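Visitor: Residue numbers (this note's numbering), protein chains in the order written: chain A, 1 to 462; chain B, 1001 to 1462. Using N, Cα and C, we set each Cβ at its ideal position, and we do this for glycine too. No experiment lies behind these values; they were computed from the predicted model shown.
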C-alpha cells in the first residue's frame, strides 16, 4: 500500500451519509480508530489471488483424492466447549483461543474455544453420532484451525488443515495404519508441490525398547530425545543423564533414534539391541507391515519420530519437504486407540493431516513453486465492441460457460487495446471477438499473437 | 446415542495410560467434566454424512460456477481486529464473538473477533492489497461466519456463506449490478435445491420516494416499513404515525412497499406517485436496467426489500425459497459504494451471498430435498477373498481410482454376505470381486442383483 493510511470506511447506508437519517456518520471517528488495521496480522497469513489459485488447485486435488478413497466430507463446527479442548494434555490450554460474545459480562471465562486441530472435533462428532454412522467410518475435513502460538515461518495462529481419519467401532485392523500411511504418500505425490519424504515409526516399539533399556520415566526420555535434531547427540545425552538416565542407556536411545529402514531388515537392526517384550514385538510387526504394504516408495521408517505428546498410541507418521527437511513437517498423523469411547466401547482411529497453509507458506517463501501465471480463474476475456453489443458479448460468455470454459466479459466498451491490456494484466491468454456485421467469431491468443475464427459452441482453450 | 454418557476420553499417549510416564490419567476426572458436551450445541449445526454429501455437491457447484464466471477463490482469515468489525453500525458489537487466548490476563478485552460476514474482511483485504490487485476485482469466498445471535430455525451462530463480489477502483459501472443479480439467479438455478425467487430493489429509489413524500427521518421510516410482512399494514401505519409521519404519507409508503414488477412497466407505477428527484430517477434507471438485463426469468422488482441497515447504497437483492417464502432469505446482496476507500479513491462494490447453511437447514428440516442415498463418496466396494489376497484387492482399487472411480476395499476377509451387508449399510451400489484362480473380475449391482464380468481398466459405474 502507498502512503495513504488504510481507512476501512465502513459507512452505514447511503442515507446515513446524507445526514438525513438517524445513523451516525462514522468516517471521522473511524479514520483514527481504524489506522491500526493497516498492518497485516502476524500469524494470520493471507495470499494474493495468483497464490490462492495455486492453493485452490491443492485443495481441489485433496477433495478429489479423499473422495476417490471413500472419505466423506464433513464441515464440523469451529468451536468446542473449552473442557473438550483442554483435556488434551498439559499446557495445551495456553494455546487455545477462547470465544465469547463481546457483550458478555466482563470477567466471565469463555466457555467455548476454537479448535486447535480437526481430530478432537471429529472424535467428539463420532461419539455424538455413533448410532447413525457405519463403521469403519471414513471422513475428511478441510478447515482452518487456530493456535495462539508465537508466529514464525511455517507456524501460524490460523492455518488450514486437511484431515482424513478412519474410525473403527471396538477395534480397527492394524492394516489401516499401512493403508493410511500410503494413502498419504499417494496424496502428497498427487499435489503440485515439491517431493515429500514420509517418515514412519511406532510408539509401541519405542516404548518397548525404552522399557527394555530399564528407563522408567519414558515420557521424559522421549521428550528429551525429541530434541535430538535441534540440540545434537551430546547435549541430548547430557539432558538425559540429568534426568537420572545412565549414560550408556542414553547412548542406546540415541542409537535407536538414528535408525532408518525401508524394509524388513529393520527386524535385524532392532534385534541387535537384544530387547524382547510384547510392545517391541507388536510395534515391530506393525511398523514392518506398514513398510511392506508400500508401492512406489517414499516411506521410510525413522525411529526418531515421536510426534510430541499427542494422543497417538502406535503408528506415527510425518512428512517433510525433501528439499527443506528442517522446515518442519508438512503432513503428519498416527494411530490413536483411546481418543474416543464411552466406557463400553472403544472407537480407535488412524488419521493423517496435511498442513495446507504451512505447505503453501514454505513453497511461496522458498520459491519452491510458481504462483499461477494468472490472477483470475477465467481463461477468456470476451471483448465488448460498443455499448450496443454488450448483451451480445454476454451471450457468447454464457455459451462458453455452458461448456465449462471460464470467462469474463470486458468491463468497458473501450478501445480494443485497452481491453486486451486488462486481459494481459490478469494473465488471461485468450481474447474473444464476437462477430461484427455478420462476420465470424474470432479468438486471439494474446501471448502468441495468433488470431483465428472460432465457434463458441465448440472452441476450448488449450 | 444410547444411554451411556458421552465421554470424550482424550487420553494422552499410550504411555500415559500405562502409568509409567508422567502424563496424568485424565479419564476419571474427564468423565465428569465432559458430560456437558453430550448435548449438541444450539446454533452450531452439524450434518450427518448423507446430508454432508448433498452439501458437498452444493459447494462444488458453487465453486465451479464462481470459477466459470472469473471469480478467484480467496481464503481470508476468520478473525479481524474488533474495531474493524464493530464499525458496521449500532448494536452490531452485541453479536460479535471476541477471540482471546485462554491464557490472556483475566478481565482484558478481546482485541480480535470472528467475522460476521465475508464482505467486511474482503473490503479490508482489497484495501490492504490494492496495489497488487487488478480492478475490477472479482473474488469468491466460501467460509463460516459467526454471530452470537439467539439461535432459531435458519439462524445460526456458525454458518457457511458463499460470497462473490466485484470491486471497482474509483467507479464500478451500474451494469455490474445487473450482471451480479442475474449471476445469482443463474447460480441458484444450478444448485440441486428447490426453486428460489429473487426480489430486487434500489435504495436510491426508496430514499428518493420517501424524500418526495416529505419524510425527514428516512431510516426510522424504512425500519418500520421493514416490519410490514410481520405486523401487517395497520400496525405499520400506527407505528409510523407514532414516529411523527402523517397518516396519508404512511399509507403511501405502504403502497410503495406493495409494488412488484418484472419489467419497465415499473416506470409508470412509480410515475403515478408524482415524485420526481435525482434519487428517484437514478434508482429507477438502475432498477429497470437490472430487470431488462435478464434472461430466463426469476427476478422480480419488489419495493418492500430494504435489506436492513446494511452498507448497501443502491441495488439490493434477496432470494427466498418459492415454497417457503416466510422462511427468510437464502441469498442476498447489494451494491455498496462506500464500504472501502482510503480517502483518495473509492472502491465501490457489488456482492451477493448464498446462505449455504440456512439453505441446507431449511431443505433438510422441511424435507425439500433428499439426503444422499449414500453415506460415503465411494461407488464401489472391492471384496477381499481372504487374508492372502488383500493386496490384490488394493491393486484393483488403485486401478479404479486412477480412472476416477471412487472405491474402498472391504475391511475384512469375512463371508461375502457380511462384506456386501456393509456396502448396503453405507449405500454403495457396486461390489467388485477380483478374480480367483485365474478367473475374471466380476461386478455385482447389489440393488438390481445383476452380476457380470468387468474390466478394472475400463469399467465405470452408471
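Strictly under 7 Å for the Cβ-Cβ distance: is residue 101/A near chain B by that measure?
Guide: Taking the first residue of the first chain as 1, we reach residue 101/A at position 101. Yes - at least one Cβ of chain B is within 7 Å of the one on residue 101/A.
Visitor: Using only the alpha-carbon positions, how far apart do residue 157/A and residue 1076/B sit?
Guide: One-based indexing of the first chain puts residue 157/A at position 157. One-based indexing of the second chain puts residue 1076/B at position 76. Here the C-alpha atom of residue 157/A lies approximately 13 Å from the C-alpha atom of residue 1076/B.
Visitor: Label residue 1394/B either buried or exposed according to how many other C-beta atoms from any shown protein chain fall within 10 Å of its C-beta, with 16 as the threshold for buried.
Guide: Numbered from 1 along the second chain, position 394 holds the residue referred to as residue 1394/B. For residue 1394/B, the number of other beta carbons within 10 angstroms of its own is at least 16, and it is reported as buried.
Visitor: Under 7 Å, do residue 1172/B and residue 1348/B count as touching if we go by C-beta distance?
Guide: For the purposes of this step, residue 1172/B is taken as residue 172 along the second chain, with counting starting at 1. For the purposes of this step, residue 1348/B is taken as residue 348 along the second chain, with counting starting at 1. It is a contact, given that the beta carbons lie within the stated cut-off.
Visitor: Name the residues in the segment 145–161 of chain A whose C-beta lies less than 9 Å from a C-beta of chain B; which are they?
Guide: 146, 148, 157, 158 and 160
Visitor: Looking at C-alpha atoms only, which residue of 1370/B, 1062/B and 1081/B is the closest neighbour of residue 1072/B?
Guide: Counting from 1 along the second chain, the entry for residue 1072/B is found at position 72. The option with the nearest alpha carbon to residue 1072/B is 1062/B.
Visitor: Give a yes or no on whether the minimum CB-CB distance between residue 136/A and chain B is below 7 Å.
Guide: The residue labelled residue 136/A in the question sits at position 136 within the first chain. Output row for residue 136/A: interface = yes.
Visitor: So, at 8 Å on beta carbons, what are the nonlocal neighbours of residue 1276/B in its own chain, with the 5 sequence-adjacent residues on each side left out?
Guide: Taking the first residue of the second chain as position 1, residue 1276/B is located at position 276. 1212, listed in sequence order.
Visitor: Are the C-beta of residue 108/A and some C-beta of chain B separated by less than 7 Å?
Guide: Here the question's residue 108/A lines up with position 108 in the first chain. No - not a single Cβ of chain B is within 7 Å of the one on residue 108/A.
Visitor: Do you know offhand how far residue 1406/B's Cα is from residue 332/A's?
Guide: Mapped onto the second chain, residue 1406/B falls at position 406. Mapped onto the first chain, residue 332/A falls at position 332. Looking at the two C-alpha atoms, the distance is approximately 24 Å.
Visitor: State buried or exposed for residue 1232/B, treating a residue as buried only when at least 16 other CB atoms are found within 10 Å of its CB.
Guide: Taking the second chain and counting its residues from 1, one reaches residue 1232/B at position 232. With fewer than 16 other Cβ atoms within 10 Å, it is exposed.
Visitor: I want to see whether chain A comes within less than 7 Å of residue 1429/B, judged by CB atoms only; does it?
Guide: On the second chain, position 429 is the one that residue 1429/B refers to. Not an interface residue.
Visitor: Give, in chain order, every residue of the segment 1053–1064 of chain B whose Cβ lies closer than 9 Å to some Cβ of chain A.
Guide: 1053, 1055, 1056, 1059, 1060, 1063 and 1064
Visitor: Do we get a CB-CB distance below 7 Å when we pair residue 1097/B with the residues of chain A?
Guide: Here residue 1097/B corresponds to residue number 97 of the second chain, with the count starting at 1. So yes, residue 1097/B belongs to the interface.
Visitor: What is the residue span of the alpha helix (DSSP H) that residue 1425/B lies within?
Guide: Residue mapping note: residue 1425/B aligns to position 425 of the second chain, counting from 1. That run of the alpha helix (DSSP H) goes 1416–1426.
Visitor: Which bits of chain A does residue 1125/B rub up against, with CB to CB less than 7 Å?
Guide: Sequence index remark: in the second chain, residue 1125/B carries index 125 (1-based). Per Cβ cutoff of 7 Å: 46.
Visitor: Entirely within the segment 1258–1312 of chain B and at least 3 residues each: give me those beta strand (DSSP E) ranges in chain order.
Guide: 1299–1302
Visitor: Using beta carbons (cut-off 7 Å, strictly below), is residue 1073/B in contact with chain A?
Guide: The residue you call residue 1073/B lines up with position 73 of the second chain. Chain A contact via Cβ: present.
Visitor: Pop quiz: residue 353/A and residue 163/A are said to be a contact at Cβ under 8 Å. What is the actual Cβ separation, rounded to whole angstroms?
Guide: If you number the first chain from 1, residue 353/A lands on position 353. If you number the first chain from 1, residue 163/A lands on position 163. About 5 Å; that satisfies the 8 Å criterion.
Visitor: So, for residue 1170/B: in the same chain, excluding its five sequence neighbours on each side, which residues have a beta-carbon less than 7 Å away from its beta-carbon?
Guide: For the purposes of this step, residue 1170/B is taken as the residue at position 170 of the second chain. When the five nearest sequence neighbours on each side are left out, the beta carbons in the same chain lying within less than 7 Å of the beta carbon of residue 1170/B are those of 1345 and 1346, in order along the chain.
Visitor: Hey, out of 1321/B, 1326/B and 1064/B, whose CA is closest to residue 1187/B's CA?
Guide: For the purposes of this step, residue 1187/B is identified with residue 187 of the second chain, where counting begins at 1. Here the closest residue by C-alpha is 1064/B.
Visitor: Report back the beta-carbon spacing between residue 375/A and residue 49/A to the nearest angstrom; my notes put them in contact at under 8 Å.
Guide: Residue numbering aside, residue 375/A sits at position 375 when the first chain is read from its first letter. Residue numbering aside, residue 49/A sits at position 49 when the first chain is read from its first letter. Contact flag correct, Cβ pair sits at about 4 Å.
Visitor: For a quick check, are the C-beta atoms of residue 1239/B and residue 1224/B less than 7 Å apart?
Guide: For the purposes of this step, residue 1239/B is taken as residue 239 along the second chain, with counting starting at 1. For the purposes of this step, residue 1224/B is taken as residue 224 along the second chain, with counting starting at 1. Cβ distance < 7 Å, so residue 1239/B and residue 1224/B count as in contact.
Visitor: Give the range of the beta strand (DSSP E) segment to which residue 1317/B is assigned.
Guide: Walking along the second chain from the start, residue 1317/B turns up at place 317. Residues 1315–1321.
Visitor: Within this structure, are the beta carbons of residue 59/A and residue 194/A separated by less than 7 Å?
Guide: Translated into the one-based positions of the first chain, residue 59/A becomes position 59. Translated into the one-based positions of the first chain, residue 194/A becomes position 194. It is not a contact, given that the beta carbons lie outside the stated cut-off.
Visitor: Pull up the distance between the alpha-carbon of residue 1214/B and that of residue 1234/B, whole angstroms please.
Guide: Taking the first residue of the second chain as 1, we reach residue 1214/B at position 214. Taking the first residue of the second chain as 1, we reach residue 1234/B at position 234. Taking the CA atoms as reference points, residue 1214/B sits about 21 Å from residue 1234/B.
Visitor: What residues in the segment 1375–1387 of chain B bring their beta carbon closer than 7 Å to a beta carbon of chain A?
Guide: Of all residues in the segment 1375–1387 of chain B, only 1375, 1376, 1377 and 1378 come within less than 7 Å of chain A when Cβ atoms are compared, listed by chain position.
Visitor: Quick one: list the residues of chain B neighbouring residue 69/A, beta-carbon separation under 9 Å, in chain order.
Guide: Position 69 of the first chain, counted from the start, is the residue given in the question as residue 69/A. Those within 9 Å of residue 69/A in chain B are 1377, 1378, 1397, 1401, 1406, 1407 and 1408.
Visitor: Helix, strand or coil for residue 1162/B, going by three-state DSSP, please let me know.
Guide: Reading the second chain from its first residue, position 162 is the one you call residue 1162/B. Assignment of residue 1162/B by DSSP, reduced to helix, strand and coil, places it in the strand class.
Visitor: On a Cα-Cα basis, can you pick out the residue from 1402/B, 1283/B and 1078/B that is closest to residue 1312/B?
Guide: By 1-based counting over the second chain, the position of residue 1312/B is 312. It is 1283/B whose Cα lies nearest to the Cα of residue 1312/B.
Visitor: Chain A beta carbons: is any one of them nearer than 7 Å to that of residue 1275/B?
Guide: As a position in the second chain, residue 1275/B is number 275, starting the count at 1. Closer than 7 Å: no.
Visitor: Identify which residue in 219/A, 436/A, 448/A and 413/A has its Cα closest to the Cα of residue 430/A.
Guide: In the first chain, the residue the question calls residue 430/A occupies position 430. That would be 448/A, whose Cα lies nearest to the Cα of residue 430/A.
Visitor: Taking all protein chains shown into account, do 16 or more other C-beta atoms lie within 10 angstroms of the C-beta of residue 247/A, making it buried, or fewer, making it exposed?
Guide: Start at 1 with the first residue of the first chain, and residue 247/A comes out as number 247. Under this definition residue 247/A is an exposed residue.
Visitor: Rank 1040/B, 1118/B, 1155/B and 1148/B by C-alpha distance to the C-alpha of residue 1142/B and give the top, closest one.
Guide: The residue given as residue 1142/B occupies position 142 in the second chain. Checked all of 1040/B, 1118/B, 1155/B and 1148/B; the closest Cα to residue 1142/B is 1118/B.
Visitor: Does the separation of the CB atoms of residue 1330/B and residue 1359/B fall below 7 Å?
Guide: Residue numbering aside, residue 1330/B sits at position 330 when the second chain is read from its first letter. Residue numbering aside, residue 1359/B sits at position 359 when the second chain is read from its first letter. Contact: yes.
Visitor: Can you name the start and end residues of the alpha helix (DSSP H) that residue 391/A belongs to?
Guide: To locate residue 391/A, count along the first chain from 1; it is residue 391. Here the alpha helix (DSSP H) through residue 391/A covers 390–402.
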